[in-house]
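Participant:
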Amino acid sequence: MIRESSAFVKLIDEWVLEATSSGIRRFDSLLAILPGIYPVTVLESIQRLVQNNKVKSTLATEVLAYVGGKARKSQRGQILPIPHPLDFDWRFSERGIKCAMHHCKIYSKKGDMICLLGAPSLFHESSQLPDRKFILVDRNPTIASSKTGKSFYRCDLIREKLPKVSAKLVFADPPWYLEEIKSFLWAATQICEIDGHVLIVLPPVGARPGIHQEIKSVFQWARKLGLTLLDFLSGELKYQSPFFERNALRIQGINAIPSDWRKGDLAIFSKTKMRDVSRPRSSAKEPWREINVKGVRILIRNDKSNSYLDPSLISIVPSDILDSVSRRDSRRDLADVWTSGNRIFACKGRNILITILEALACGHSPVCEVESRINRRLKSDQRKKILLTVAQIIDIVDKESNERMEFERFD
Numbered sequence: 001m002i003r004e005s006s007a008f009v010k011l012i013d014e015w016v017l018e019a020t021s022s023g024i025r026r027f028d029s030l031l032a033i034l035p036g037i038y039p040v041t042v043l044e045s046i047q048r049l050v051q052n053n054k055v056k057s058t059l060a061t062e063v064l065a066y067v068g069g070k071a072r073k074s075q076r077g078q079i080l081p082i083p084h085p086l087d088f089d090w091r092f093s094e095r096g097i098k099c100a101m102h103h104c105k106i107y108s109k110k111g112d113m114i115c116l117l118g119a120p121s122l123f124h125e126s127s128q129l130p131d132r133k134f135i136l137v138d139r140n141p142t143i144a145s146s147k148t149g150k151s152f153y154r155c156d157l158i159r160e161k162l163p164k165v166s167a168k169l170v171f172a173d174p175p176w177y178l179e180e181i182k183s184f185l186w187a188a189t190q191i192c193e194i195d196g197h198v199l200i201v202l203p204p205v206g207a208r209p210g211i212h213q214e215i216k217s218v219f220q221w222a223r224k225l226g227l228t229l230l231d232f233l234s235g236e237l238k239y240q241s242p243f244f245e246r247n248a249l250r251i252q253g254i255n256a257i258p259s260d261w262r263k264g265d266l267a268i269f270s271k272t273k274m275r276d277v278s279r280p281r282s283s284a285k286e287p288w289r290e291i292n293v294k295g296v297r298i299l300i301r302n303d304k305s306n307s308y309l310d311p312s313l314i315s316i317v318p319s320d321i322l323d324s325v326s327r328r329d330s331r332r333d334l335a336d337v338w339t340s341g342n343r344i345f346a347c348k349g350r351n352i353l354i355t356i357l358e359a360l361a362c363g364h365s366p367v368c369e370v371e372s373r374i375n376r377r378l379k380s381d382q383r384k385k386i387l388l389t390v391a392q393i394i395d396i397v398d399k400e401s402n403e404r405m406e407f408e409r410f411d
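Just so you know, the sequence shown maps onto residues 1 to 411 in full-length UniProt numbering.
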C-alpha cells in the first residue's frame, strides 16, 4: 500500500478541483486532462473534495457509476508477448504508435537507421516507415519470438554490454524511474551518431511525487552527455493499459475507463557533442525464473535447491491480485511468484514449483518430474501437495485467460 505525501495529495486535489470547476464531469475526460494521475488516485481525490464540500456529492456518484460499469475493451489483442509487471512493460496504443512514428519521421531521413530502446510495439509497426531501417534493443527474450532476425538485440540496457550498433535516431522508452531513465539516456548517446537525435519518453508530473525534480535531474544528465534539448511535449504519447494494470484497477472497482488513459511526455534532443561519461551505476537485479503456461507468464524468484519443500501457492493479498502497479509498493517484496495478471503469492518450495510449472508447460507429469528432480519417490502427503499445486495453477491460468478475454478485442 502506498501513502502519498500530504504535499502531493494537496497538489492532486488542486488539479482535480480546477478540472471539475471548468465543467468537466466525466471521469474519462478528467483522466485525459489531468497530468497522468493514476485513476485510483483521481477517484480518491474526488471523494476527499466531496467530504470537504469543495465539489458536489453528485459528482462522486456519477463517477462511481461510470467506473463501475462494464469494462472497456482494449484497442487490440496481444500480438506481442503479454507484458509482465516485473518488466515494467507498458506499450503504446494505436494512437501512441502513430504519434511516435510521426516524430521519428520528422527527425530522420529516408534510409536512416532508427534504434528503438525498449519500444517493442513501435518495432512491430515499423512498416509504417518503410523507407527507414529499424533495430530494437530490449531485455525481454520473448520479443524475439514475435519478430526475429538481426534487427533485434536482446540486452539489459541498464547492466549489460551494449550491442555494437549506431543510428541517426534513437527512440527510448524506459521504465519511469530515475535510475532506468538515466541508464537508457546514456545508452542512447552511445548509439546515436553526432548530429543525430534522441527521443525519450518521460513520466508526467502527476505520475508520482517528485517527478518535477527528477526531470530536472534528467535534463542536467542529458547536457552532461552532450545532448541539447530541442522540444518537450507534455502528454504527447498514449499507452495501452496492460492486462496486469487493468486487473489491478478492476479489483478496486474501476472497469470502465479508456484503455489508453496513460500518457507520457516526450523530450526531443539533438546529439551535439561526443562526451566520455561513465555509465550510471545500477542496483543488483534479483533473478527470477520465467515459465509460460498456456499464455500466462509466471515468474518465480530463483531457487536452485534440490530439497523438497511444500510448493503450494500461499495467498498474501486479498483476491491474490496486487491492487498496485507501482514499484514503490512495499508488498512487492512479499511475492515469490508473480503472474502476468498481477497475481502474487508466497511459496516455500520454489524449486519444486518451478519443476511443476515446467512439466505443465511441456505436457509432462508434474509428479514424475518432481520425483526425478529430488531423486526419490514422493510420500503420499507430498504427492497430494503436488496435485493441489497443479490445481491452483490450472485455476489461475483459467482465470487469467477469461480475464484477458474481457479486456481485449481481437482483430
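For glycine and all other residues, C-beta sits at the position ideal for the given N, C-alpha and C.
Please report the straight-line C-alpha distance between Phe269 and Ser108, rounded to a whole angstrom.
Facilitator: 13 Å
Participant: Please state whether DSSP places Ala207 in a helix, a strand or coil.
Facilitator: coil
Participant: Alpha carbon to alpha carbon, how far is Arg139 from Gly23?
Facilitator: 45 Å
Participant: Starting from Ala7 and walking both ways along the alpha helix (DSSP H), at which residues does that stretch end?
Facilitator: Ser6 to Ser21
Participant: To the nearest angstrom, how far is the alpha carbon of Arg279 from that of Glu18?
Facilitator: Rounded to the nearest angstrom, the gap between the Cα atoms of Arg279 and Glu18 is 42 Å.
Participant: If we cut at 8 Å on Cβ distances, does Leu11 have a partner in chain B?
Facilitator: Although the question refers to chain B, the structure presented lacks it and comprises just one protein chain.
Participant: Among Leu162, Ile194 and Asp195, which residue has its Cα nearest to the Cα of Ser183?
Facilitator: Leu162
Participant: Which residue from Leu122, Val42 and Phe8 puts its Cα closest to that of Phe27?
Facilitator: Val42
Participant: Residue range of the beta strand (DSSP E) that His197 falls in?
Facilitator: For His197, the uninterrupted beta strand (DSSP E) run begins and ends at Cys192 to Leu202, by DSSP.
Participant: Measuring only the C-alpha atoms, how far is Ile143 from Lys238?
Facilitator: 21 Å
Participant: Count the other C-beta atoms from every protein chain shown that fall within 10 angstroms of the C-beta of Met101, then say buried if there are 16 or more, exposed otherwise.
Facilitator: With 16 or more other Cβ atoms inside 10 Å of its own Cβ, Met101 counts as buried.
Participant: Could you tell me whether the Cβ atoms of Asp260 and Gln240 are closer together than 8 Å?
Facilitator: yes
Participant: Can you have a look at Leu334 and say buried or exposed, based on whether 16 or more other CB atoms are within 10 angstroms of its CB?
Facilitator: exposed
Participant: Out of Leu199, Ile254, Ser166 and Ser365, state which residue places its alpha-carbon closest to the alpha-carbon of Ala119.
Facilitator: Leu199
Participant: Identify whether Met405 lies in helix, strand or coil by the three-state DSSP scheme.
Facilitator: helix
Participant: Measure from the alpha carbon of Leu313 to the alpha carbon of each residue in Gly341, Ser283, Lys294 and Gly349, then state which is nearest.
Facilitator: Gly349
Participant: Only counting the same chain, and skipping five residues up and downstream in sequence, which positions put a Cβ closer than 8 Å to that of Ser234?
Facilitator: Only Pro35, Pro204 and Asp265 meet the Cβ criterion.
Participant: What's the C-alpha gap between Tyr153 and Cys192?
Facilitator: 16 Å
Participant: Mapping the DSSP letters down to three states, classify Met113 as helix, strand or coil.
Facilitator: strand
Participant: Applying the criterion that 16 or more other CB atoms from any shown protein chain within 10 Å of the CB defines a buried residue, is Thr355 buried or exposed?
Facilitator: buried
Participant: The beta strand (DSSP E) with Ala335 in it runs from where to where?
Facilitator: No beta strand (DSSP E) contains Ala335, which DSSP labels as neither H nor E.
Participant: On the DSSP bridge list, what partners appear for Leu227?
Facilitator: Lys271
Participant: Where DSSP assigns a beta bridge to Val293, which residues make up the other side?
Facilitator: Val296
Participant: Shortest alpha-carbon distance to Met274 belongs to which of Ala222, Pro366 and Arg281?
Facilitator: Ala222
Participant: Please say whether Ile300 and Leu353 have beta carbons closer to each other than 8 Å?
Facilitator: yes
Participant: By how many angstroms is the C-alpha of Thr189 removed from the C-alpha of Leu322?
Facilitator: 36 Å
Participant: If I'm right that Ser57 touches Val50 with Cβ under 8 Å, what's the distance once you round it to whole angstroms?
Facilitator: 5 Å
Participant: How would you label Gln392, buried or exposed, when you count the other beta carbons within 10 angstroms and need 16 or more for buried?
Facilitator: Under the 10 Å beta carbon count, Gln392 is surrounded by 16 or more other beta carbons and is classified as buried.
Participant: I'd like the span of the alpha helix (DSSP H) that includes Phe27, first residue to last.
Facilitator: Phe27 to Ile33
Participant: Going by the CB atoms, is the gap between Arg377 and Glu369 shorter than 8 Å?
Facilitator: no
Participant: DSSP three-state label for Leu357, please.
Facilitator: Leu357 falls in the helix class under three-state DSSP.
Participant: Whole alpha helix (DSSP H) runs in the stretch 345-402 with 4 or more residues, listed along the chain?
Facilitator: 350-362 and 366-374
Participant: Given Ala60, which residues of its chain have a CB within under 7 Å of its CB, disregarding the five upstream and five downstream residues?
Facilitator: Annotation for Ala60: Ile46, Gln47 and Val50 place their beta carbon closer than 7 Å to its own, counting only its chain and skipping 5 residues before and after.
Participant: Counting Cβ pairs, one atom from each stretch, are 3 or more of them under 8 Å apart for the stretch 244-261 and the stretch 287-295?
Facilitator: With the cut-off at 8 Å, the stretch 244-261 and the stretch 287-295 do not touch.
Participant: Could you check where the alpha helix (DSSP H) with Arg48 kicks off and where it finishes?
Facilitator: Pro39 to Gln51
Participant: State the start and end residues of the unbroken beta strand (DSSP E) segment that holds Lys304.
Facilitator: That residue, Lys304, is in no beta strand (DSSP E); it is neither H nor E in DSSP.
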